[in-house]
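Trainee:
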Amino acid sequence: MNKYIPQIFIVIFLVLMMFTAVWAGIPWAGLINDSLVRLVMNGVLVLSLIPMLNVGAGINYGLPVAISAGLLGMAIAVNYQLSGILGFFAAIMLSALVAIVFGLGYAGILNRVRGREEITGVFAGFSFIYVMSFFWAVAPFTNPGMLWPIGGYGMRPTIGLGPYFAKSLNELWSLHIGDVLIPLGMLSFFALIGVMLYLLFKTRIGSAILAVGENECFARLAGINISRTRSIAIIISTIIAAIGICVYAQSYGFLELYEAPLMMAFPAASAILLGGSSGRRTTVLQAFLGTFLFQSVYVYSGPLANALLLPEVSEIFRVMISNGIILYALLFEGGRTSSEKV
Amino acid sequence: MKRSSVVTLVFLLLSALGWYYSGIGPVFLCNEVLTRFIRDAVLVLALLIPIAAGMGINFAITVGAMSAQVGFLTAIIMNIWGLAGLSVTLLVTLVAAIVTGWLVGLILNRVKGKEMITTIIIGFLANGLYQFVYLVGYGTFIPAFNQEILLSRGIGVRNMVDLAGYRNLMENIWMIEVGDIHIPLFMIMVVLLFCVVVAYIMNTRFGQRVRAVGQDMEKAAALGIDVNKTRLQAIILSTVLAGLGQILYLQNIGMINVYTAHMNSDIFSAAALLAGGATLKEARVRNVILGIFLFHTLFIVSPQAGQNLLGNAALGEYFRSFVAYGTIALALVFNETSQNIRGNKLCRIRNLFRKNKGPGVEPSI
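So the protein lines, in turn, are chains R and W.
Numbering of the first sequence is given in our numbering, commencing with residue 1 and proceeding in unit increments.
Numbering of the second sequence is given in our numbering, commencing with residue 343 and proceeding in unit increments.
1) Pairing CB atoms from the segment 72-82 of chain R with CB atoms from the segment 139-149 of chain R, are three or more of them under 8 Å?
2) Can you grab the Cα-Cα spacing for the pair R:SER127 / R:ASP179, in whole Å?
3) Determine the closest residue to W:ASP416 out of W:VAL352, W:LYS623, W:LEU505, with distance taken between C-alpha atoms.
4) Any C-beta of chain W sitting closer than 8 Å to the C-beta of R:GLU256?
5) Against chain W, with Cβ distances strictly below 8 Å, would R:ALA124 count as a contact?
6) If you reduce the DSSP assignment to three classes, tell me which class R:PHE102 lands in.
7) Going by Cα to Cα distance, which pick from W:LEU622, W:SER364, W:ASN629 is closest to W:ALA541?
8) Rounded to a whole number of angstroms, what is the C-alpha to C-alpha distance between W:ALA655 and W:SER644?
9) If you draw a straight line from the C-alpha of R:LEU192 to the C-alpha of R:ILE236, how long is it?
10) Answer with buried or exposed for W:ASP522, where buried requires no fewer than 16 other C-beta atoms within 10 angstroms of its C-beta.
11) Any C-beta of chain W sitting closer than 8 Å to the C-beta of R:PHE134?
12) Please state whether the Cβ-Cβ distance between R:PRO157 and R:LEU257 is less than 8 Å.
13) Can you look up W:MET512 in the DSSP assignment and give me helix, strand or coil?
14) So which residues of chain W does R:MET320 contact, with C-beta pairs closer than 8 Å?
15) Who are the neighbours of R:GLY324 on chain W, taking C-beta pairs under 7 Å?
16) Could you give the first and the last residue of the continuous alpha helix (DSSP H) run that contains W:PRO368?
17) Could you tell me which whole beta strand (DSSP E) segments of length 3 or greater appear in the segment 638-665 of chain W?
18) Got a sec? Which residues, its chain only, sit under 7 Å from W:GLY447 by beta carbon, not counting five neighbours each side?
19) Find the residues of chain W that neighbour R:SER127, judging by a C-beta separation of less than 7 Å, and give them in chain order.
20) Quick one: does R:ARG116 have its CB under 8 Å from some CB of chain W?
21) Checking 8 Å against the spacing of the C-beta atoms, do W:LEU433 and W:ALA584 come in under that value?
22) For R:ASP34, is the classification buried or exposed, using 16 other Cβ atoms within 10 angstroms of its Cβ as the cut-off for buried?
23) If we count the other Cβ atoms within 10 Å of its Cβ and call it buried at 16 or more, is R:ILE177 buried or exposed?
24) To the nearest angstrom, how far is the alpha carbon of R:ILE10 from that of R:VAL299?
25) Short of 7 Å in beta carbon distance, which residues of its chain neighbour W:PHE414, apart from the five on each side in sequence? Order them along the chain.
26) Is the closest heavy atom of the ligand ZN to the C-beta of R:ASN42 under 7 Å?
27) For R:VAL26, which three-state DSSP category applies?
28) With respect to the beta strand (DSSP E) encompassing W:VAL555, which residues constitute its N-terminal and C-terminal limits?
29) For a cutoff of 8 Å on Cβ pairs, would you count R:VAL65 as touching chain W?
30) Just mark W:ILE566 as buried or exposed, buried being the case when its beta carbon has 16 or more other beta carbons within 10 Å.
31) Label R:VAL22 either buried or exposed according to how many other C-beta atoms from any shown protein chain fall within 10 Å of its C-beta, with 16 as the threshold for buried.
32) Where does W:ASP504 sit, in a helix, a strand or coil, going by DSSP?
33) Note down, in chain order, all residues in the segment 615-628 of chain W with a beta-carbon under 9 Å from any beta-carbon belonging to chain R.
34) With 8 Å as the threshold, decide whether the Cβ of R:ILE109 is near any Cβ in chain W.
35) Count the CB pairs spanning the segment 100-109 of chain R and the segment 237-249 of chain R that are closer than 8 Å, and state whether there are at least three.
36) Would you kindly work out how many angstroms separate the C-alpha atoms of R:TYR252 and W:GLY587, rounded to a whole number?
Put into structure tokens, the structure is as follows:
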């Protein structure tokens, strides 16, 4: 029981917040709707951590590398004014292609630092943000909607996706049940990625990834090429994260460039840790659960803080909760073993 | 040639090129670099002892920096200025830094082998707590004795708090002017004194203990050294130094940017230290001094160089941020390669018999 303290804490916190929200007269249908949307909006990014966790490379704090791939893919799609749900899928395809290239380089770095991927990932991600910032400022894009109005040169920090594919996935097959709006298309897309990830670990390459994560020495003796397997897992992670940022951006409605993705890895990391991952082998279900709990805290704390306290409080609390969970996981990692499987 | 000196050479080259293209005069550059040397040197010095103790870069020096801000804000909230104010500031900073340093040390003793990522997360968490206290607490659970720094809505401290009472209090002592270059001799002596003290500490019995722990925890324990206590002391010392460093930094600037002044103090200090030729396992005082001059020269000239070379100052800023983070990333990548080989050997022998466990926790970085 001891090892589920964060989960118990968050669930109690959530229940308390739900009651307060109802008491404060905040419409509950909207809250449920929001938490479903936010689950998928952030969930794909959280799912993207799984292949790297399972190959034993730890939590991917270098998520900004993958996010940059997604942003570049979307920027290309926006440049050619692709719109609607087809435009969105085109953006995903482009992002995945860029992610393969970025993932290869990222895997090359991480394969040099085995056992220290997390800290290296943090700084690889941070420094890559500034490489990309440099790129955004000089990139030869031509769609005037993306460029600074004055001078027509350099990307804007925030690009509205309204005329292109904003909300295209959110509004796909959305279903009204009473007051609650269920984004069926979005949920099925999320489920599809989850199922594909689940099936991946049933294949040959998936079992190789799991074997390397479980015990590198055994895997080597079994004739598995460790570096290659790790690279594949890292590239898969990068591709899924690139898709994840596409889902995030279309739901948010804006493409945020430059320094915006700097801190995005940390909420995703705490979500997967909240789901019960021990920093090693993680299941898709844990990622689902963790994201749902974590994002529900986001959804409930926002309007509550506005109604009861000061607006900044919710943001500060979110940062504290997200880092508190990561710190807790780091502290009590030793007590957990990777043998427990949920 | 060692890899760390390659880093220094690259910085030298980049700084020289940046300076050439920036068109900044040597007098201005000298004054700026001297100011930044006074501001940042002690913060960088704070990183040395944890590195010697084998804990890598202590990114939680932001916690020490926040302690200093807590010190200043406490004095200001209590409306104490002048020498008395400085004493209150010092006292509160020391107490806060010792307590927080002790907490950080306790945490780090539980996460051996993962110190650096943990200190980063501790920094973020402490930042949230700090912002909460001053943004929400002031005017609610902290009585607002000083109305001047209160936000107009009645809760929270303003973004900028003036330290006019302390500004240039010490800079003007023994100010020497060589041509147009202002050399605040007293402050330079203070900073150099800190350098000497840290160098001295590293050579005392305590320093030897720290280094023994840093080289091999198991051997140090076999020699009868209390490893956890030594690591705890190293972190407390580092946090206290960071607190003092931030006091020097803030009084030099003359105002507190309450919610952001401590941010990035860890990154820039670490990058400066590595630019001076330090590695994640070995850092000396001379790396601190050389590193600050190189790193901050690059920092000062890059926006202007970006403007002149590429017609956009922002490009220079992105470049320098990339250099700051990239230097740390590079140090991590090169540091691990040497470790990796040993790690794999260990793995072969030890882990063959331990299923379900990853590579064992390695004692050093």
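We put the CB at the ideal spot given by N, CA and C, even for glycine.
Mentor: The answer reads as follows:
1) yes
2) Rounded to whole angstroms, R:SER127 to R:ASP179 spans 45 Å at the Cα level.
3) Residue identity check: residue 416 of chain W is Thr in the sequence provided, not Asp. For the residues W:VAL352, W:LYS623, W:LEU505, the minimum Cα distance to W:THR416 belongs to W:LEU505.
4) no
5) Yes, contact with chain W.
6) helix
7) W:ASN629
8) 8 Å
9) 15 Å
10) exposed
11) yes
12) Between R:PRO157 and R:LEU257, the gap from beta carbon to beta carbon is short of 8 Å.
13) coil
14) Correct list: LEU467, GLY470, LEU471, PHE474.
15) LEU467
16) 368-387
17) none
18) ARG573, LEU574, ILE577, ILE578
19) Within chain W, the residues near R:SER127 are PHE664, TYR667, GLY668, ALA671.
20) yes
21) Not closer than 8 Å, so no.
22) buried
23) By the neighbour-count criterion, in which 16 or more other beta carbons inside 10 Å mark a residue as buried, R:ILE177 falls on the exposed side.
24) 13 Å
25) THR431, LEU505, LEU592, ILE598
26) Because no ligand of any kind appears in the structure shown, any question about the ligand ZN cannot be addressed here.
27) At residue 26 of chain R the sequence reads Ile, which differs from the Val that was named. R:ILE26 sits in coil when the DSSP states are folded into three classes, being neither helix nor strand.
28) Premise fails: W:VAL555 lies in the alpha helix (DSSP H), 547-557, not in any beta strand (DSSP E).
29) False, the Cβ-Cβ gap to chain W never drops below 8 Å.
30) For the sequence presented, residue 566 of chain W should be read as Gly rather than Ile. Its Cβ having fewer than 16 others within 10 Å, W:GLY566 is exposed.
31) exposed
32) strand
33) none
34) yes
35) yes
36) 41 Å
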